[in-house]
Ligand SMILES: CC(C)(COP(=O)(O)OP(=O)(O)OC[C@H]1O[C@@H](n2cnc3c(N)ncnc32)[C@H](O)[C@@H]1OP(=O)(O)O)[C@@H](O)C(=O)NCCC(=O)NCCS
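In this note's numbering, the protein residues as written are 6 to 161.
Dropping the structure here:
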């Protein structure tokens with residue numbers, strides 16, 4: 006919970022929120038950070054981590070385990086504070102989480118849903134061994150604009 010202030014400060018950025026679901030709001034408040042931390046610490050089987058740089062929580066990465074017939078799949082999501090972009094931090098973070106998940110859980114497929122205009126995220130996933138699996142046409146409405154969603158996956 007002591008990470009909440011730092012997370013809220015770095016998350017409060019329209020350039021980040023524009024690439025994420027509306028559940029990651031802009032403005033992003035201390036209350037939003039605390040809600041996310043409560044979920045992360047909530048004892049479910051999802052794996053949610055803050056990304057720490059120089060002893061500060063400056064981003065987040067998480068895996069949501071799917072259920073029912075999808076229970077061998079997990080969805081990955083992530084964001085990083087803008088001052089830390091382009092330093093390879095998310096490449097390292099995703100590689101860590103994928104390796105950890107395939108080594109220590111029953112998950113065999115990790116996937117991400119990327120808005121079609123998010124070149125940065127597509128590049129990071131490709132660097133981490135994810136392949137473009139499918140395009141969900143007109144699946145998203147973000148800021149009033151209809152967009153395709155690109156599904157990238159990494160198989161064990
Ligand atoms: C996507 C994001 C996590 C990338 O984090 P990062 O730590 O800067 O990424 P890395 O430094 O590991 O970069 C990996 C590659 O992506 C490229 N890249 C990063 N940001 C880029 C951008 N804005 N435009 C084009 N390429 C970009 C890097 O150059 C690097 O490729 P290279 O090695 O060929 O040069 C970060 O930009 C972010 O938080 N964006 C907003 C939230 C978001 O989009 N989340 C994902 C939703 S699916």
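For each residue, glycine too, the CB sits at the ideal point set by N, CA and C.
Of the residues the options, the one placed nearest residue i, counting alpha carbons only
i	options	result
residue 38	47, 28, 9	9
residue 44	21, 33, 68	68
residue 71	111, 41, 85	111
residue 123	26, 7, 14, 6	26
residue 99	82, 108, 154	82
residue 58	47, 33, 89	89
heavy atom of ligand 1 below 8 Å from residue i C-beta
i	result
residue 85	yes
residue 128	yes
residue 14	no
residue 24	yes
Residue i classed as buried or exposed, judged by whether at least 16 other C-beta atoms fall within 10 angstroms
i	result
residue 159	buried
residue 103	buried
residue 137	exposed
residue 113	exposed
residue 149	exposed
residue 93	exposed
Straight-line gap, residue i to residue j (C-alpha atoms, nearest Å)
i	j	result
residue 78	residue 51	12 Å
residue 36	residue 14	12 Å
residue 11	residue 63	7 Å
residue 66	residue 41	11 Å
residue 84	residue 17	11 Å
residue 109	residue 53	15 Å
residue 91	residue 101	17 Å
Coil, strand or helix - residue i by DSSP
i	result
residue 14	helix
residue 116	strand
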